[in-house]
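J.: Pasting in a structure now, in structure tokens, and then I'll have a few things to ask.
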Amino acid sequence: MTAEKKFNLKVDHEICQGTGYCARVAPDLFVIAGPMEAKVLIAEPTEDFESQILEAATLCPTRAITY
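Put into structure tokens, the structure is as follows:
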């Protein structure tokens with residue numbers, strides 16, 4: 001049995017501007033918790049979320065999302 005791929009999802013709060021793109025494209029993974037603050041809801045999502053993670057990271061204007 002092969003282990004499922006997991007990500008280590010993070011938002012760099014030093015550069016996050018809270019634009020909300022991540023929460024719009026991946027609402028299961030991100031929420032806007034306040035002004036200029038995106039919060040990760042699932043820190044180690046599985047490969048089932050890969051397309052959402054990649055889209056959120058690509059759309060982030062400050063590249064604050066790492067995985």
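Reminder that position 43 of the sequence shown reads as 43 in our numbering, one-by-one numbering, no gaps. By construction, the Cβ of each residue, glycine as well, lies at the ideal position given by its N, Cα and C atoms.
Between Ala3, Ala43, Ala33, Arg24, which has its C-alpha nearest threonine 58's C-alpha?
T.: It is Arg24 whose Cα lies nearest to the Cα of threonine 58.
J.: Start and end of the alpha helix (DSSP H) containing alanine 57?
T.: Unbroken alpha helix (DSSP H) run through alanine 57: 50-59.
J.: Going by alpha carbons, who is nearest to alanine 26 out of Arg63, Ile65, Pro61, Ala56?
T.: Ranking Arg63, Ile65, Pro61, Ala56 by Cα distance to alanine 26 puts Ala56 first.
J.: By a C-beta neighbour count over all protein chains shown, 10 Å radius and 16 as the cutoff for buried, is glycine 20 buried or exposed?
T.: Glycine 20 comes out exposed.
J.: Starting from alanine 64, trace the beta strand (DSSP E) in both directions and tell me its first and last residue.
T.: Neither: alanine 64 is in no beta strand (DSSP E) and is coded neither H nor E.
J.: Once the 5 residues before and after proline 35 are set aside, which same chain residues still bring their CB inside 8 Å of it?
T.: Gly18, listed in sequence order.
J.: Let's see if you can read the secondary structure: which residues bound the beta strand (DSSP E) around alanine 33?
T.: Taken as a continuous stretch (DSSP letters only), the beta strand (DSSP E) holding alanine 33 covers 30-34.
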